[in-house]
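Take a look at the structure below.
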Amino acid sequence: MLPAPQAILFDLDGTLLDTAPDMAAALNQLRAEHGLAPMPFAEIRPNVSNGARGLLGIGLGIGPDHDTYDQLRDRFLALYAADLAVHTCLFPGLEALVDSLEQRAMPWGVVTNKPGGLTHRLLEALKLEPAVVVCGDELERAKPHPDPLLFAAGKLRLPPSTIWYIGDHERDIIAGNAADMPTIAGRWGYLDGERPIEAWGATLVIDHPEEIAGLLPGSDLHAANPDAVDAK
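Numbering (my numbering), first residue to last: 186 to 417.
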């Protein structure tokens, strides 16, 4: 059972924002520069939450130990940064949720492993103003370590146990659980297929982002299913 939240934190790629189309475009641009045919979007999408490392792994077959990895990563990030908000948008239902949270005066934020420069540019382009943003290069340790989530809770001046963390990757749930936050795993995200989402250990697994609003105390869906959230 989820305790009623005082704030909600989201992972970025694959949870709050559908960034896959723009990241896939950058990867295929990089492949084209190396004389390779475009990869199907369906093959790229599940790896987007793994960032540049994961995308270079499937797109060019290289990892961080490769001689040209740093150069190719920088080129990929440059291509992505040039067009990072062409097709990127909030997942269905999340614009209304963000509006609802702001009307409730309930703070919401983003905790992501995405680099800060890209994260802040993307949020600005989409005119999103979270109460707190913690990026992958902000602290010494990123997710799956709980440090970024604990740092966000400190910025919000709230106990971690009163904050929901929502993510689409097992590292999100590992980090949230370690931070003593109730965790929600989103099946709509970029699931990489390594382990079933039910095995991640999330407090709750949901299929669609629209379901989040129904979990909040005071909503019509919560009234119909009060056992989903402990309003105490």
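Ideal Cβ placement from N, Cα and C applies to all residues, glycine included.
Taking the CA atoms as reference points, residue 381 sits about 28 Å from residue 280. The Cβ atoms of residue 221 and residue 260 do not sit closer than 8 Å to each other. Beta-bridge annotation (DSSP): residue 350 is paired with 194 and 368.
If you draw a straight line from the Cα of residue 210 to the Cα of residue 237, it is about 13 Å long. Within the same chain, Cβ atoms closer than 8 Å to the Cβ of residue 266 are found at 302, 303 and 306, the five residues on either side in sequence being excluded. Under the three-pair Cβ rule at 8 Å, the segment 322 to 339 does not count as touching the segment 390 to 402.
Nearest Cα to residue 352 within the set 319, 403, 340 and 194: 194. Burial is judged here by how many other beta carbons sit within 10 angstroms of a residue's own beta carbon; residue 344 has fewer than 16 and is exposed.
The C-beta distance from residue 198 to residue 347 rounds to 25 Å, too long to fall under 8 Å, and the pair is not in contact. Inclusion of residue 212 and residue 257 in the CB contact set at 8 Å is not warranted, their separation being larger than that value. Residue 363 and residue 331 have their C-alpha atoms spaced approximately 6 Å apart.
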